[in-house]
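Trainee: The following block contains the structure, expressed as structure tokens.
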Amino acid sequence: MSQSATKAAPASDTAGLGPTLTFLFALSCGALAANLYYAQPLVSMMGSDIGLPVAAESSIVTLGQIGYAVGLVFLVPLGDLLENRTLILATMAANVVSLAGLALAPGLATLFAGMLVVGATSCVAQMLVPLAANLAPEDQRGAVVGNVVSGLLGGILLARPISSFLADYVGWRGVFGLSAGLIALLALVSVALLPRRVPGGERGYWSLIRSLGKLFLSEPVLRRRGLYHAAMFAAFSLFWTATPIVLLHDPFDFTPSGVALFALAGVLGVFAAPVSGRLADRGHSRIGTAAALSMVIVAFLLATDGTSLIALVVAAVAIDLGVQANLVFGQREIFRLAPDIRNRLNAVYMTTFFLGGAIGSALASPVLTHFGWLGVCVIGMALPAAALVYFALAESGD
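Per my numbering, the very first residue in the sequence shown carries number 43; after that it's consecutive.
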């Protein structure tokens, strides 16, 4: 481990989190993360509005995830360099502006640019998670991270039903306009409540960015956890980008509100985060990881028929539970590595698996077009199966 990884965390990091601040962290993370997922059930509506070919509609979601990865690489590491409160508030303000711009986008180029910038600035959620970890006592860190991440996951899981429901009344542009208002309100509350934290790092910005690649190569736990979840998140994005498209057509012929009701099935996944955090605190990360990977494989297997709504609902619940549990197990493990570089550790972890998610969402439309729902399920099973094999081989000797 590098010398910077062994420095003690600043004394203020152990001040702890009260219930009000924990709720603010969780709610803010959820609202920010939701920005990446509002578009998933709306890609057909957005695509027809701006003249995008059907086979390319899922690229809208992919651009938001690529933007998020860019933000993770170039913005989140600043939390190890700059005062955290100021950085978080400035990034939230930029997110509000970009959401408003996306809601007013007149054409394809501006919509794509808007999705990229919204994705990049929504990464402030991943500045809040390590800040919560830094404020939490060591013996409660898994539980605290699990509680905050449960809010983040709630935003991810509720984004799809909320956007589907609202789109019937305010259109897809109204969805992003309302999100801009919510983030603005949370930013105002954060001005009053968010604590200051000055990191102990002394690196320059570009040195900080260059260190990300070195961390990926030098920290095997970080590398493994990032790759496990990249496969899981690719499967997650593939399922939730493809499924709304399938539900809007024969044999289901759902309305956007019907898709919203279906997407509520995934909300149960939010309960995986706090439970997983507590299991991780008790030393059960390995068995939990194996169970989470296996759960997603079985979920796609159940969904292969493609005509049973019950099977799709069960698969949606299982996929979300498995993916969210694996996320918390991974974050708990990487946050044990080095207290003073948690922003960079989180940036590498999140970037790795969000690139996996971008690949998954990009595959959804072309795979559906050329191979149908069965092709989606085969790829959905193969991704976590490959991660499970890697897990078994990589951790067997530890």
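We put the beta carbon where it would ideally sit given N, CA and C, even for glycine. This one's a predicted model, so the numbers in the text were calculated from it and none came from an experiment.
On the three-pair Cβ rule with 8 Å, is the region 161-180 touching the region 81-97?
Mentor: Judged by Cβ distances under 8 Å, the region 161-180 makes no contact with the region 81-97, as fewer than three pairs qualify.
Trainee: Taking the alpha carbon of Arg239 as the reference point, which residue from Leu114, Asn126, Asp292 has its own alpha carbon closest?
Mentor: Answer by Cα proximity: Asn126.
Trainee: Rounded to whole angstroms, how far is the Cβ of Gly106 from the Cβ of Gly161, which I believe are closer than 8 Å?
Mentor: That belief holds up - the Cβ atoms of Gly106 and Gly161 are roughly 4 Å apart, short of 8 Å.
Trainee: Where does Leu430 fall in DSSP's three states?
Mentor: Leu430 falls in the helix class under three-state DSSP.
Trainee: In whole angstroms, give me the CA-to-CA distance for Leu153 and Trp214.
Mentor: Approximately 12 Å between the Cα atoms of the pair.
Trainee: Given Ser444, which residues of its chain have a CB within under 7 Å of its CB, disregarding the five upstream and five downstream residues?
Mentor: No answer is possible for residue 444: it lies beyond the span of the chain, which begins at 43 and ends at 440.
Trainee: In whole angstroms, what separates the C-alpha of Phe67 from that of Leu228?
Mentor: Each residue's Cα considered, the two are about 10 Å apart.
Trainee: DSSP state of Ile421, grouped into three classes?
Mentor: The answer is helix: DSSP assigns Ile421 an H, G or I state.
Trainee: Hey, how far is the Cα of Leu344 from the Cα of Thr128?
Mentor: For Leu344 and Thr128, the distance between alpha carbons rounds to 47 Å.
Trainee: Which same chain residues end up closer than 6 Å to Ser144 when comparing Cβ atoms and leaving out the 5 residues on each side of it in sequence?
Mentor: First, the residue type needs correcting, since residue 144 is Leu and not Ser in the sequence shown. The answer, listed in chain order, is Gly156, Val160, Phe218.
Trainee: Taking Glu375 as part of the alpha helix (DSSP H), name the residues at either end of that continuous run.
Mentor: 351-376 is the extent of the alpha helix (DSSP H) around Glu375.
Trainee: Please tell me whether Val103 and Asn388 are closer than 9 Å, where the distance is taken between their beta carbons.
Mentor: It is not a contact, given that the beta carbons lie outside the stated cut-off.
Trainee: In terms of alpha-carbon separation, which member of Ile352, Ala380, Val340 lies closest to Leu264?
Mentor: For the residues Ile352, Ala380, Val340, the minimum Cα distance to Leu264 belongs to Ala380.
Trainee: Excluding the 5 residues flanking Ala307 on each side, which residues of the same chain have their C-beta closer than 6 Å to its C-beta?
Mentor: Here the set comprises Val355, Ala358, Val359.
Trainee: Under 9 Å between the Cβ atoms of Arg328 and Tyr432?
Mentor: Taking 9 Å as the Cβ cut-off, Arg328 and Tyr432 do not qualify as a contacting pair.
Trainee: By the three-class DSSP mapping on this structure, what secondary structure does Val346 have?
Mentor: Residue 346 is actually Thr in this sequence, not Val. Here Thr346 sits in coil by DSSP.
Trainee: Output yes or no for whether 9 Å exceeds the beta carbon distance between Asp40 and Pro237.
Mentor: As shown, the chain starts at 43 and ends at 440. That puts residue 40 outside it, with no answer to give.
Trainee: Beta carbon of Val365, beta carbon of Val338: below 9 Å?
Mentor: In contact: Val365 and Val338 (Cβ atoms closer than 9 Å).
Trainee: So within the region 110-191, which uninterrupted beta strand (DSSP E) runs reach at least 3 residues, ignoring any that extend past its ends?
Mentor: Listed in chain order, there is nothing to give.
Trainee: Counting C-beta neighbours from all protein chains within 10 Å, is the total for Trp415 16 or more, i.e. buried, or is it exposed?
Mentor: The residue in question, Trp415, is buried, as its Cβ has 16 or more Cβ neighbours within 10 Å.
Trainee: Between the alpha carbons of Ala353 and Tyr247, how many angstroms are there, rounded?
Mentor: Each residue's alpha carbon lies about 49 Å from the other.
Trainee: For Gly325, does the count of other Cβ atoms within 10 angstroms reach 16, so buried, or fall short, so exposed?
Mentor: Result: exposed.
Trainee: Which class does Tyr211 belong to by DSSP, given the choice of helix, strand or coil?
Mentor: Tyr211: helix per DSSP, three-state reduction.
Trainee: Among Leu250, Ala136, Leu208, Met169, which has the Cα closest to the Cα of Ile225?
Mentor: Comparing Cα positions, the closest option is Ala136.
Trainee: Shortest alpha-carbon distance to Gly193 belongs to which of Asp362, Thr283, Phe65?
Mentor: Minimum Cα distance to Gly193 is reached at Phe65.
Trainee: Any idea if Val350 is buried or exposed, counting beta-carbon neighbours within 10 angstroms, 16 or more meaning buried?
Mentor: For clarity, residue 350 is Ser in the given sequence; the question names Val instead. Flag for Ser350 reads exposed.
Trainee: Would you mind stating whether Val288 and Leu410 have Cβ atoms separated by less than 9 Å?
Mentor: For Val288 and Leu410, yes; Cβs fall inside 9 Å.
Trainee: Which whole-angstrom value describes the C-beta separation of Tyr110 and Phe395, a residue pair presumed to lie in contact below a C-beta threshold of 8 Å?
Mentor: That belief does not hold up - the Cβ atoms of Tyr110 and Phe395 are roughly 11 Å apart, past 8 Å.
Trainee: Given a cut-off of 9 Å, decide if Ser407 and Ala367 are closer than it, judged by their beta-carbon atoms.
Mentor: Result no, Cβ atoms of Ala367 and Ser407 do not sit closer than 9 Å.
Trainee: For Thr62, count the other beta carbons within 10 Å of its own beta carbon; 16 or more makes it buried, fewer makes it exposed. Which is it?
Mentor: Label assigned to Thr62: exposed.
Trainee: Helix, strand or coil, according to DSSP, for His291 in the structure here?
Mentor: The answer is coil: DSSP assigns His291 none of H, G, I, E or B.
Trainee: Using the Cβ count rule (16 or more neighbours within 10 Å means buried), how would you classify Thr297?
Mentor: The residue in question, Thr297, is exposed, as its Cβ has fewer than 16 Cβ neighbours within 10 Å.
Trainee: Take the Cβ of Leu40 as the centre, count every other Cβ of all protein chains shown within 10 Å, and call the residue buried at 16 or more, exposed below.
Mentor: The structure shown does not extend to residue 40, since the chain is modelled only from 43 to 440, so the question has no answer here.
Trainee: With distances taken Cα to Cα, identify the nearest neighbour of Ser70 among Arg202, Asp295, Ser164.
Mentor: Ser70 has its Cα closest to that of Ser164, out of Arg202, Asp295, Ser164.
Trainee: Between Arg320 and Ala434, what straight-line distance do the alpha-carbon atoms span, to the nearest angstrom?
Mentor: Roughly 23 Å separates the two Cα atoms.
Trainee: Taking the Cβ atom as the reference point for each residue, do Ser299 and Ser232 lie within a distance shorter than 9 Å?
Mentor: Not a contact, by the Cβ cut-off of 9 Å.
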